[in-house]
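Numbering follows the working numbering, in which position 54 of the sequence shown is assigned residue number 150; successive positions increment by one, without gaps. All residues carry an ideal CB built from backbone N, CA and C; glycine is no exception. As the structure is a prediction and not an experimental result, all values here were calculated from the model. Single-structure report; data block below.
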Amino acid sequence: ADIALFAYTDVAGEGGISLEPFPEVRAWLQRVRGQPRFLAMPAVTAEVRARFEAA
C-alpha cells in the first residue's frame, strides 16, 4: 500500500489538499522518502502544467 499511495499523497498540496492536519501522514511521507534508493518525482513546473492544460 505504501508504494501505491505515496505518489498521490506526496502531491496532495498541488491538488489543494493540505496535509497540515495530519502529522502522522507527513511523518510517513518522510519515512518513505528516507528509504534506500528512493527516487523523488520531478516537480510539475508551470511550463509542464501549461502544456498539459493546453492539450
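*Roughly how many angstroms separate the alpha carbons of alanine 139 and glutamate 149, rounded to a whole number?*
For this step, residue 139 is matched to residue 43 along the sequence shown. For this step, residue 149 is matched to residue 53 along the sequence shown. So the alpha carbons of these two residues sit roughly 16 Å apart.
*Where serine 114 and alanine 108 are concerned, what is the direct C-alpha to C-alpha distance, given to the nearest angstrom?*
Within the sequence shown, residue 114 is the residue found at index 18, counting from 1. Within the sequence shown, residue 108 is the residue found at index 12, counting from 1. If you take the alpha carbons of serine 114 and alanine 108, they lie about 7 Å apart.
*asked:* Excluding the 5 residues flanking glutamate 110 on each side, which residues of the same chain have their C-beta closer than 6 Å to its C-beta?
replied: Counting from one through the sequence shown, the residue named residue 110 turns up at place 14. Counting only Cβ-Cβ distances below 6 Å, and skipping sequence neighbours, we find nothing.
*In chain order, what residues of the same chain lie with their CB nearer than 6 Å to the CB of phenylalanine 102, ignoring the 5 residues before and after it?*
Numbered from its first residue, the sequence shown carries residue 102 at position 6. Val128, listed in sequence order.
_Alpha-carbon spacing of glutamate 116 relative to glycine 130, whole angstroms_ = Along the sequence shown, read from residue 1 onward, the residue named residue 116 stands at position 20. Along the sequence shown, read from residue 1 onward, the residue named residue 130 stands at position 34. Going by the C-alpha atoms only, they are around 20 Å apart.
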